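Under our numbering, the first residue of the sequence shown carries the number 4, and numbering increases by one thereafter.
Heads up, the thing below is written out as structure tokens.
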Amino acid sequence: MRRVLLCSGLDPSGGAGLLADARVAERFGVRPLGVATALTVQDSAGVRAVHPVPAEVLAAQLAAILSDAEVDAVKIGMLGTDETARVLASALSLTRAPVVWDPVQRASAGAAPLHAGDLATAADLLRDHLALVTPNLSEAGALAGFPVAALAEARRAAGAIRDRFGVDVLVTGGHLPVAPVDVFCGAAGIVELPGERIPGGTDVHGTGCALSTAIACELAGGIDPVDAARRAAAFVRDHLLAPVRIGRGRPSVI
Ligand code: PLP
4 MRRVLLCSGL DPSGGAGLLA DARVAERFGV RPLGVATALT VQDSAGVRAV HPVPAEVLAA
64 QLAAILSDAE VDAVKIGMLG TDETARVLAS ALSLTRAPVV WDPVQRASAG AAPLHAGDLA
124 TAADLLRDHL ALVTPNLSEA GALAGFPVAA LAEARRAAGA IRDRFGVDVL VTGGHLPVAP
184 VDVFCGAAGI VELPGERIPG GTDVHGTGCA LSTAIACELA GGIDPVDAAR RAAAFVRDHL
244 LAPVRIGRGR PSVI
């Protein structure tokens, strides 16, 4: 059985982060291994606080697991701080598996930012280990250095991020104004992956987490990045049609 190492924040509601990522992996028939990068205080209405896991604890957990077990892919989600990126970068030299990073900055609801540092600094620390980064529009803006609101800017940002950090990019365009389109930029240039507007879909919790984990699971099976992105988007779309209601706030994608 293939294995994916999940390095994500803990959302106790299970709608996003490590618990959601583990459920996605199980659906793909991939065995999840995991470390929590940060502990969040949140419910289905939003994030209230973020507590990073101490660097020495995270470093020891990663060294233990990566020295003992082979993994076929790694998914990184919220980091909390740039220091966490430093710890992950050092640990990832223990594996050659493809690494997908969802560069989470803020949750769609709640006051507390999920990354207190600078995403571009974190990207500089992680870049040598990454196969793919999956920013949404605002995260793409932070990585590219200019605001991203329309498809033309998403295309420009995907190219700029690839040039700046030397890593393949999937700008997730579920919030684009005219129609949802994900924009992939790899060695062969830009590929647009048109999506489908699902009523209420942009209010569902955990979609970015599910997408990036699904991509990591496909990469673990040797699928190329563009096909992995296509299949992962189809998985998320199917789940958006039947989201799960855990509490009184927003429903979760899985
Ligand atoms: N909590 C954790 C731990 C996350 O990793 C994320 C997103 O990556 C969120 C919450 C926010 O999810 P959403 O913006 O989908 O509500």
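Where is the CB? At the ideal position from N, CA and C, for every residue including glycine.
Treat the numbers as computed from the prediction; the structure is a model and nothing was measured.
Mind checking who residue i pairs with in its DSSP beta bridge?
i	result
E259	Past the edges of the chain, shown from 4 to 257, lies residue 259, and the structure says nothing about it.
A39	S11
A76	V7
A242	One detail in the question is off: residue 242 reads as His in this sequence, not Ala. Answer by DSSP bridge pairing: none, since H242 is not bridged.
S255	H208, V247
Whose CA, out of the options, lies closest to the CA of residue i?
i	options	result
A28	T216, H242, A232	T216
Q45	R99, S96, P116	P116
V172	G198, P106, D121, I201	P106
A237	G189, D185, P254	D185
V7	L21, L128, T43, R109	L21
L129	L196, D85, A161	D85
I164	V181, R89, H178, L140	L140
D241	E199, I249, D206	E199
L243	R30, E142, D206	D206
M4	A223, I257, A232, V229	A223
P197	G176, A191, L65, P180	G176
R26	A213, I226, D166	A213
F31	I226, A114, R253	I226
L146	L154, T137, P183	T137
P150	D127, A134, V174	V174
R109	L91, V33, G83, V194	G83
A191	G203, G162, A182, P183	G162
A232	G18, C188, P246	C188
G203	R253, V170, R99	R253
E221	V77, G49, A245, V38	V77
G169	D131, G120, A155, G211	D131
A235	G211, S255, V247, I249	G211
G80	L13, D166, V239, G250	L13
D121	G148, V102, P180, R248	G148
I257	R89, A245, A155	A245
A119	T43, L36, S47	T43
With DSSP run on the structure shown, which of helix, strand or coil describes residue i?
i	result
V136	strand
L179	coil
V50	strand
S16	coil
I201	coil
T55	With the sequence shown as reference, residue 55 is identified as Pro, and Thr is not the correct amino acid for it. P55 falls in the strand class under three-state DSSP.
R30	helix
V247	strand
V44	strand
I226	coil
T288	Coverage of the chain is limited to positions 4 through 257, which leaves residue 288 absent and any answer about it impossible.
If residue i sits next to residue j, beta carbons under 8 Å apart, how far is it from one beta carbon to the other, in whole angstroms?
i	j	result
T40	S11	6 Å
A143	A157	7 Å
W104	L133	6 Å
T87	L61	7 Å
L65	A100	Rounded, the Cβ-Cβ distance is 13 Å, inconsistent with contact.
With a threshold of 7 Å, establish whether the CB of residue i neighbours any heavy atom of the ligand ADP.
i	result
T137	Summarising the ligand content, the structure contains the ligand PLP and does not contain the ligand ADP.
Only counting runs of 4 or more residues, tell me where the alpha helix (DSSP H) segments fall wholly within the segment 88-175, in order along the chain.
-> 122-129, 140-147, 154-168
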